Amino acid sequence: MNSLPPYPNSPKSGEEMDYHGVHRDVINGVADTLPRQPTRVTSLTDAASNIVDPLVNNGQAIGSALQGAIQVLDSLSDVGRALPFIAPAFVLFKIIINLEKKAQEVDAKCSDLVERITFMLSHLPALQGVEFITPTRQVVDRINETLKDAAALIAAYRKQNRVARRLSLSNRDKFTACAQSVNTCCSDLLMSLQIHQTLQLDILTRAVPIDEEDKAAQTFVDDHGGSIDAVVHDRELVKEFAQQQHLVMDDSVMEQLNANIADSVQQNHARLEGILLENVNSTIAGGLKNLALEFSILEAEQKFVCVQCEKEFTNYTNGPLACSFHRAGYSSEKKHYPCCSTKHPCQFGAHRAKHHCDYPYATFFPRAWGISGYVDTRTEWTSIQDTNFETNQEQSAYIGQLLRWVTHGALLDESTIILVVGKLSYNSPYYFDTFTAKELEDVNQSIRISKRTLIYRTSSDENEFAMAEWVLSISGEITGIRLTAKAATSTDPWVRICPINLSTCTKSGDILNTSQGGLYSYMPASPYVLPETVSFGPILNDKQTRLPRTDFKTTTTQALRVILKSMADPPLQANPNFANNSSDYFVGKVSVFNNNAPGSLNPITISSVSAAYRLVGDPEYAPAKQTKLLDGDYKLPVTIEPRQCWYRGPEEDIKLAVTWWNRAFVARNRPIRIKLIVEDIEGEQCSLVMEYVFMPFKLETRRELDLGFFYFDSQQTFTRNHIRVVDVPVVKFGGLELMKNFVVEIVGSVKLSVKSLKYVVYEALKTGKTEVDLKYGREKDNGLWEWHVYALVDISCRRVYAFKIMMHEGKKVPVKRMGTLGYVLCPDYGDVVNETRPISYATETAKLPPMEPYVAPEYVQDDDLDDFKTPVPLKPATTIDTPTSLLNGVTVLGIPEDLTNRLTSIDTNLARIADAFERLLTVLPAVSANGRAH
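First residue of the sequence shown: 1, per the UniProt record's numbering; consecutive thereafter.
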């Protein structure tokens with residue numbers, strides 16, 4: 001018996017109805033027919049009739065149907081002990097209630113089913129007064145089986161994603177079938193109790209209601225051809241429906257739409273058998289109040305970690321606004337989130353268990369950049385990129401094989417394709433996804449029905465976009481992926497097709513270029529001939545003009561018997577420990593010897609040490625500003641410790657602000673001589689000249705790998721001002737050659753990339769100026785010289801064919817006399833069309849400033865001002881009054897007696913000096929010490 005006769009007196013308008021839409025007299029009428037235990041039935045009737053407004057449980061609004069079921073369940077808690085054979089029904093009823101309590105939303109189909117079940121079970125207490133016969137036992141068994149089906153259906157239905165739940169239009173048919181089973185059980189139950197019903201039981205005869213969301217899903221399907229299969233297999237249509245209903249679309253939606261809910265119901269049905277075996281005995285012993293069921297197995301309440309906020313969630317605790325996150329990653333440099341500049345999350349949505357690119361979120365970008373930013377994470381199959389030369393915006397796409405998820409991580413076990421479209425930035429449209437062979441097969445199956453081949457497109461603008469599409473065979477199978485990129489400044493788009501093998505998820509052939517986009521070049525019909533390099537100014541020699549002289553003798557008065565001797569080779573060092581741009585420091589080693597005879601009473605007391613200097617060719621010495629004698633213990637014979645002379649150069653040298661270590665700037669053109677002057681306490685002086693000859697720095701020269709080397713030499717600073725142009729080599733990693741993004745490098749300044757050269761060509765085509773200043777010039781050495789670089793563009797072949805380097809004296813030099821203008825060919829770069837065109841030379845306008853002739857001065861490198869000169873003997877007087885004598889007929893001059901005695905003394909002293917000097921030489925190495933001198 002599938003239905004009950006209608007109750008003739010339908011409820012009138014305004015009459016009070018109970019929680020499940022049944023007139024209150026229905027349950028009262030049933031209670032009146034029960035043969036015994038009216039108290040229990042009255043309690044049940046009160047529980048069903050005293051329903052309050054929806055309550056709140058666990059943060060959710062509990063509808064009237066669920067609240068009524070809870071109250072009825074409480075009233076039935078002790079029936080299990082009295083009626084053990086119907087205990088499974090109560091366990092299943094509790095499971096259904098718990099499932100609905102955890103649900104995130106009220107669903108009309110579920111609520112309707114709960115109402116029918118509640119109505120059915122509210123009559124079970126009547127069985128306590130009925131003698132059980134076989135038909136009654138069969139009805140109870142059917143009730144248990146129906147409740148088991150209902151619990152399995154609700155569990156499977158609630159597990160579905162909200163989008164899949166609505167677009168699975170067959171769900172309503174399953175609820176209708178389950179409701180019909182409940183209706184049949186109710187009819188059989190009432191008949192088995194021999195209750196003659198004359199009441200209206202519209203709860204059992206009404207149709208299963210439809211949610212507004214279900215109606216919207218049906219309308220959406222009708223608007224798109226009426227075929228539910230065509231909709232559920234089309235990801236874009238499913239995504240469109242989710243957006244219309246403000247629902248979350250993720251990867252699980254397509255999986256659930258392609259799955260059969262009947263399989264999930266069957267699995268839940270089997271699990272319920274185990275739950276009943278474990279819980280029925282406890283229900284009989286203690287009633288429902290003491291029953292603690294574990295539903296994690298039935299509900300498949302798996303715990304996930306949200307990829308957006310990194311918090312744990314389950315399908316039952318997930319909701320439309322359960323997750324809070326930022327759109328962009330945290331900037332460690334700026335110390336804030338660039339999407340909102342605050343620490344508080346700025347976005348809200350549902351938790352997501354898998355990474356996606358439906359919208360930007362902070363944790364996505366480190367993961368994506370960690371893959372795309374390293375060469376060991378993927379192998380590129382092909383990529384395209386087109387740049388808008390007006391806005392600098394790029395349109396790009398990439399496809400390759402994913403090797404590992406993070407750099408230096410473990411290799412993947414199965415072949416995986418990685419596809420990227422657009423720029424990976426929170427404020428730009430992008431697509432980033434991977435595909436395994438199984439996922440490709442699912443996509444292929446979807447495309448067979450939907451015929452939709454578009455994977456992603458960054459913009460609907462036909463002038464500027466990037467796009468990826470599936471390429472299909474005639475039979476509809478996926479055979480490849482087509483990448484397209486076009487910028488607004490390009491006439492044609494880039495289009496490349498990458499063939500792929502569907503079963504192995506690998507590249508199956510060569511890349512096809514079906515359209516050449518961007519700013520590409522043509523092959524020149526003839527080689528370029530460049531002008532010769534033009535230079536002005538001297539060419540320096542980096543060799544020392546000569547060795548410093550060491551043959552200078554000590555110059556002293558007769559009264560000061562001192563010998564000065566240089567103990568270093570070379571005699572002077574320039575700026576060894578200290579240097580600045582206005583002075584030169586010279587350090588030397590000098591020993592001072594007392595040249596008096598040993599044992600004589602002629603000690604020498606040195607009161608001061610000073611120095612003077614002159615450049616070779618100058619007629620006079622000038623005093624040094626400072627001479628420093630380091631502390632020491634002086635005893636004759638004395639070794640003077642190192643001396644240091646400080647020299648302040650000419651004002652014109654100081655203005656150059658040049659600082660040299662280990663070289664004297666003042667002596668760059670002429671040797672300098674330092675005269676060390678020693679004075680004793682009586683004012684007598686002796687001196688020694690030491691010479692410093694400049695050793696030039698090694699001048700830069702052209703190297704083997706230089707594309708171009710340009711320079712001019714500065715005589716004033718004795719430097720070579722130079723610029724190198726170097727070819728940037730291809731970077732290799734693991735034996736593989738990586739993409740060459742840079743073309744040339746101007747050493748010490750910039751690298752010129754393929755992209756930057758395309759900008760230059762675009763500028764030339766736009767303005768007609770084929771000589772383009774790259775604006776990379778620099779002022780060097782505080783404005784003493786400067787350089788500029790120009791790109792020469794062949795507008796016929798649409799490429800930069802050469803660089804023009806111009807360098808000359810800078811703003812600090814009012815009269816320009818030195819400079820260089822040179823050219824260097826640009827290496828091949830970028831994409832070149834296999835088409836030959838005649839070359840077109842650039843129109844040059846940049847020139848060197850007017851140059852005055854430079855006459856290199858000739859500098860004196862040596863003179864004899866400090867050379868030792870033999871003393872000239874005095875001429876005899878014309879009349880000398882001296883005694884004479886005649887010896888053997890020869891006239892002999894007479895020598896005065898005092899002169900004779902004096903000569904004898906001199907001879908004696910010379911003998912002593914010679915003896916002392918010989919002894920001194922034996923101890924000289926042990927007592928010599930160092931000195932500093934200018």
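Glycine included, each C-beta is placed from N, C-alpha and C at the ideal position. For clarity, every value in this text was computed on a predicted model and none was experimentally measured.
With distances taken Cα to Cα, identify the nearest neighbour of S252 among P853, H233, S459, V182.
Closest by alpha carbon: H233.
For the 8 Å Cβ check, are there 3 or more pairs between the region 173-181 and the region 212-229?
Cβ pair count under 8 Å is below three, so no.
Only counting the same chain, and skipping five residues up and downstream in sequence, which positions put a Cβ closer than 7 Å to that of S607?
Cβ within range, chain order: E679, D680, I681.
Could you tell me the boundaries of the alpha helix (DSSP H) in which G400 lies?
Premise fails: G400 lies in the beta strand (DSSP E), 394-402, not in any alpha helix (DSSP H).
Limits of the unbroken beta strand (DSSP E) element including M523
First-last of the beta strand (DSSP E) with M523: 521-524.
What does the alpha-carbon distance come out to for the pair D551 and F742?
D551 and F742: Cα-Cα distance of roughly 59 Å.
Length of the line joining the Cα atoms of I447 and V421:
CA-CA distance, I447 to V421, rounds to 20 Å.
Residue environment, T484, which counts as buried when at least 16 other CB atoms sit within 10 Å:
Buried, since its Cβ has 16 or more Cβ neighbours within 10 Å.
Pairing CB atoms from the region 390-402 with CB atoms from the region 437-451, are three or more of them under 8 Å?
With fewer than three CB-CB distances shorter than 8 Å, the region 390-402 does not count as touching the region 437-451.
Simplified DSSP assignment, three categories, for R271
Here R271 sits in helix by DSSP.
Among residues of its own chain, excluding the 5 on either side of S415, which ones have a beta-carbon nearer than 8 Å to its beta-carbon?
Hits under 8 Å: Q401, T436, A437, T504, C505, T506.
Going by beta-carbon coordinates alone, are A487 and E462 separated by less than 8 Å?
8 Å or more divides the Cβ of A487 from the Cβ of E462.
Would you kindly report the start and end of the unbroken beta strand (DSSP E) that includes F348?
In the DSSP assignment, F348 falls within the unbroken beta strand (DSSP E) covering 347-349.
Rounded to the nearest angstrom, what separates E691 and D542 at their Cα positions?
Near 19 Å, if we compare the C-alpha coordinates of D542 and E691.
Rounded to the nearest angstrom, what separates K816 and N669 at their Cα positions?
Cα to Cα, K816 sits roughly 21 Å from N669.
Quick one: Cα of I449 to Cα of D727, how far?
In this model, I449 and D727 are separated by some 54 Å (Cα to Cα).
Quick check: the region 841-850 against the region 556-575, are there 3 or more CB pairs under 8 Å?
No, they do not touch.
Less than 8 Å between the C-beta atoms of A579 and T489, yes or no?
Going by C-beta atoms, A579 is not nearer than 8 Å to T489.
Per DSSP, what kind of secondary structure is G783 in: helix, strand or coil?
G783 carries a helical assignment under DSSP once its states are collapsed to helix, strand and coil.
Backbone CA spacing between L865 and P619 [nearest angstrom]
Looking at the two C-alpha atoms, the distance is approximately 8 Å.
Which residue spans inside the region 824-848 form an unbroken beta strand (DSSP E) run of at least 3?
Assignment of beta strand (DSSP E) within the region 824-848, counting only whole runs of 3 or more residues, yields 832-837 in chain order.
Tell me the DSSP bridge mates of R673?
R673 pairs with R614, E691.
Selection from E255, I500, P527 that minimises the alpha carbon distance to G480:
Of the candidates E255, I500, P527, I500 places its Cα closest to the Cα of G480.
Those runs of the beta strand (DSSP E) which lie wholly inside the region 442-479 and span at least 3 residues:
Complete beta strand (DSSP E) runs here, min 3: 454-457, 465-472.
Could you please give me the residues that DSSP links to E771 through a beta bridge?
Under DSSP, E771 takes part in a beta bridge, and its partners are L792.
Coarse secondary structure for E532, derived from DSSP in three states
In this structure, E532 counts as coil in the three-state DSSP scheme.
Three-state secondary structure assigned by DSSP to E100:
E100: helix per DSSP, three-state reduction.
Should L825 and Y801 be called a contact, given that it needs their Cβ atoms to be closer than 8 Å?
Result yes, Cβ atoms of L825 and Y801 sit closer than 8 Å.
Can you give the beta carbon distance from M818 to Y854, rounded, assuming they're within the 8 Å contact cut?
Yes, they are in contact, since the Cβ atoms of M818 and Y854 sit about 6 Å apart, within 8 Å.
Where Y647 sits in the DSSP three-state scheme:
Residue confidence is low: Y647 scores 38 on pLDDT, short of 50, so the model does not pin down where it sits. Its coordinate-derived value is still stated next. DSSP places Y647 in strand when its eight states are reduced to three.
Decide if P849 is buried, meaning its Cβ has at least 16 other Cβ atoms within 10 Å, or exposed.
Per the 10 Å Cβ criterion, exposed.
Roughly how many angstroms separate the alpha carbons of T363 and Y374, rounded to a whole number?
Straight through space, the alpha carbons of Y374 and T363 are spaced by roughly 18 Å.
Name, in chain order, the residues that DSSP records as bridge partners for I418.
In DSSP, I418 forms a bridge with G400, T434.
Under the three-state DSSP convention, the category C357 falls into:
Residue state, collapsed to three classes: coil.
From S753 to V760, what distance separates their C-alpha atoms?
For S753 and V760, the distance between alpha carbons rounds to 11 Å.
Option in K775, R549, I70 with minimal Cα separation from L99
For the set K775, R549, I70, the Cα lying nearest the Cα of L99 is the one of I70.
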